[in-house]
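Visitor: Just so it is clear: in the sequence shown, position 267 is 536 by my numbering, and no numbers are missing. Glycine included, every Cβ here is placed at the ideal spot set by N, Cα and C. If you're wondering where the values come from, they're calculated on a predicted model, not measured in any experiment.
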Amino acid sequence: MNICLEYVSANPNSPITIQHARAAVVGDILSRVFAEAGHTVTREFYVNDAPGTTLTAFARHVAAETEPFAAEIAKAARGATLSDILAAVRTRQTTSLAELGVAFDSFISEAELLRSGEVDRLLTDLTASGHTTWRGGALWLKSGEQDWPLVRTQGGPTYLASDLAYHRQKLARGFELLVDLWDDDHGAYVGRTRAGLSALGCAPEALKIGLVAPVRILKDGQERRVGRYGASLTLEETLTLTTPQQLRWWFAEADPSTPQNINLDVPTQAPAQLHAALAPLPGGQDEQGSAALRAACAAVAPALELARQTLSPRPVAEAALGLATALTQHTDASPEAALEAREALQKLRTILGF
270 MNICLEYVSA NPNSPITIQH ARAAVVGDIL SRVFAEAGHT VTREFYVNDA
320 PGTTLTAFAR HVAAETEPFA AEIAKAARGA TLSDILAAVR TRQTTSLAEL
370 GVAFDSFISE AELLRSGEVD RLLTDLTASG HTTWRGGALW LKSGEQDWPL
420 VRTQGGPTYL ASDLAYHRQK LARGFELLVD LWDDDHGAYV GRTRAGLSAL
470 GCAPEALKIG LVAPVRILKD GQERRVGRYG ASLTLEETLT LTTPQQLRWW
520 FAEADPSTPQ NINLDVPTQA PAQLHAALAP LPGGQDEQGS AALRAACAAV
570 APALELARQT LSPRPVAEAA LGLATALTQH TDASPEAALE AREALQKLRT
620 ILGF
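1) Answer with buried or exposed for E474, where buried requires no fewer than 16 other C-beta atoms within 10 angstroms of its C-beta.
2) Quick one: using the 10 Å Cβ neighbour count with 16 as the cut-off for buried, is S398 buried or exposed?
3) Are there 16 or more other CB atoms within 10 angstroms of the CB of Q514, so buried, or fewer, so exposed?
4) Between which two residues does the alpha helix (DSSP H) holding S559 run?
5) Using the Cα positions of I377 and E368, report the straight-line distance between them to the nearest angstrom.
6) Counting only runs of 3+ residues fully inside the region 393-476, write out the beta strand (DSSP E) ranges in chain order.
7) So F376 is in the beta strand (DSSP E); what residue range does that whole segment cover?
8) Please report the distance separating the alpha-carbon of H455 from that of A593.
9) By the 10 Å Cβ neighbour count, where 16 or more other Cβ atoms means buried, how is T364 classified, buried or exposed?
10) Determine the closest residue to N530 out of I285, A572 and P483, with distance taken between C-alpha atoms.
11) If you draw a straight line from the C-alpha of L510 to the C-alpha of L516, how long is it?
12) Rounded to whole angstroms, what is the Cα-Cα separation between A380 and L621?
13) Does the distance from the C-beta atom of A359 to that of P418 stay below 8 Å?
14) Can the beta-carbon of F444 be found less than 8 Å from the beta-carbon of N317?
15) Using the beta-carbon count (16 or more within 10 Å), is I298 buried or exposed?
16) Helix, strand or coil: which one does DSSP assign to L274?
17) Can you check which of these residues, G465, S283 and L450, is closest to A357 by C-alpha distance?
18) With burial defined as no fewer than 16 other Cβ atoms inside 10 Å of the residue's Cβ, what is the status of W403: buried or exposed?
19) By the DSSP assignment, the beta strand (DSSP E) with V316 in it spans what residues?
20) Could you tell me the distance, in whole angstroms, from the CA atom of A570 to the CA atom of K616?
21) Would P528 be called buried (16 or more neighbouring beta carbons within 10 Å of its own) or exposed?
22) Residues in its own chain within less than 8 Å of E492 by CB, not counting five upstream and five downstream?
23) Using the DSSP secondary-structure output, state which residues sit across from K488 in a beta bridge.
24) What's the C-alpha gap between G406 and T427?
Listed below in structure tokens is the structure:
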């Protein structure tokens with residue numbers, strides 16, 4: 270199956286946040302989980318670079334309130350185009366993600382999607398098929414439960430319209446399954462996105478959406494925040510306090526839909542434990558130990574399937590830790606059972622990114 274796995278998809282105007290970093294690790298592991306089952310996976314980053322009315326109004330307010338400062342910024346940026354600035358931010362984002370072992374195959378620009386006419390064609394097709402209605406100066410997507418705006422009263426498509434066009438474009442590129450990982454504050458968009466794709470004739474099973482909950486970084490008993498307004502840590506800042514392997518494990522071992530507290534004062538030993546368990550030992554012929562290793566190996570395939578179904582890396586982390594524990598506890602198992610367990614553990618370590 271040809272799968273498009275879209276995750277992170279941050280705005281191109283700031284460093285990667287710790288919540289986006291969590292989505293990055295979850296998406297990276299899931300891409301390997303789907304690939305392990307024989308699927309072709311494209312790891313995609315949707316760049317939210319289209320101007321929005323809220324952001325535009327905010328920018329005008331900031332410019333009005335901080336005119337001298339805004340002038341200094343403009344002077345410093347003289348000679349640089351918007352494309353130059355966005356490219357620099359993207360480079361910074363991809364560099365910090367690379368430190369975490371995360372890379373992408375494709376970047377899709379929302380602004381380019383709008384310029385291509387994809388959104389206009391989507392609105393035309395939805396209207397022609399009777400799935401829209403004009404009301405209060407806005408164009409709405411008609412749905413059985415609730416109508417959703419596609420064109421604002423002041424003109425211009427809503428985020429839903431461009432997002433539906435993006436999903437339709439993915440299907441047109443030949444993807445058979447679309448897997449999206451969104452911040453959990455986008456949960457309200459799940460229903461309207463499914464309604465829009467249904468209106469376009471998309472089968473419900475062609476779209477899977479996972480929600481990623483916020484992360485708090487704790488140190489010395491306190492949440493670490495930065496800046497005058499107490500913003501959450503970025504990925505770059507977090508990696509000055511811990512290692513990429515530690516951070517990957519913390520994200521892997523938790524259900525991504527559940528808010529997570531990471532206590533940097535209590536480092537995890539799991540990555541080291543997974544590595545140490547691979548060391549070959551003389552072994553023996555203990556039947557009980559061999560049976561324990563075979564049981565741990567038998568748990569691997571169901572764990573990978575559960576990860577694919579739930580869009581969670583947690584079953585993979587649990588299976589890997591189970592194998593490592595069994596190998597450590599049963600050093601007198603048969604060489605054949607130990608070899609099978611080490612090979613299974615190495616496969617899971619690769620999937621987890623260790």
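Guide: Judging by the given coordinates:
1) exposed
2) exposed
3) buried
4) E556 to A567
5) 22 Å
6) Listed in chain order, the complete beta strand (DSSP E) runs (minimum 3 residues) inside the region 393-476 are 401-404, 407-410, 417-420 and 446-452.
7) S375 to S378
8) H455 and A593: Cα-Cα distance of roughly 37 Å.
9) exposed
10) With distances taken between Cα atoms, N530 lies closest to P483.
11) 10 Å
12) 33 Å
13) Here residue 359 is Arg; the residue named in the question, Ala, does not match the sequence. No Cβ-Cβ contact shorter than 8 Å links R359 with P418.
14) no
15) buried
16) strand
17) S283
18) That one is exposed.
19) Per DSSP, the continuous beta strand (DSSP E) segment holding V316 begins and ends at T309 to V316.
20) 11 Å
21) exposed
22) R485 and I486
23) Q491
24) Using only the alpha carbons, I get a separation of about 13 Å.
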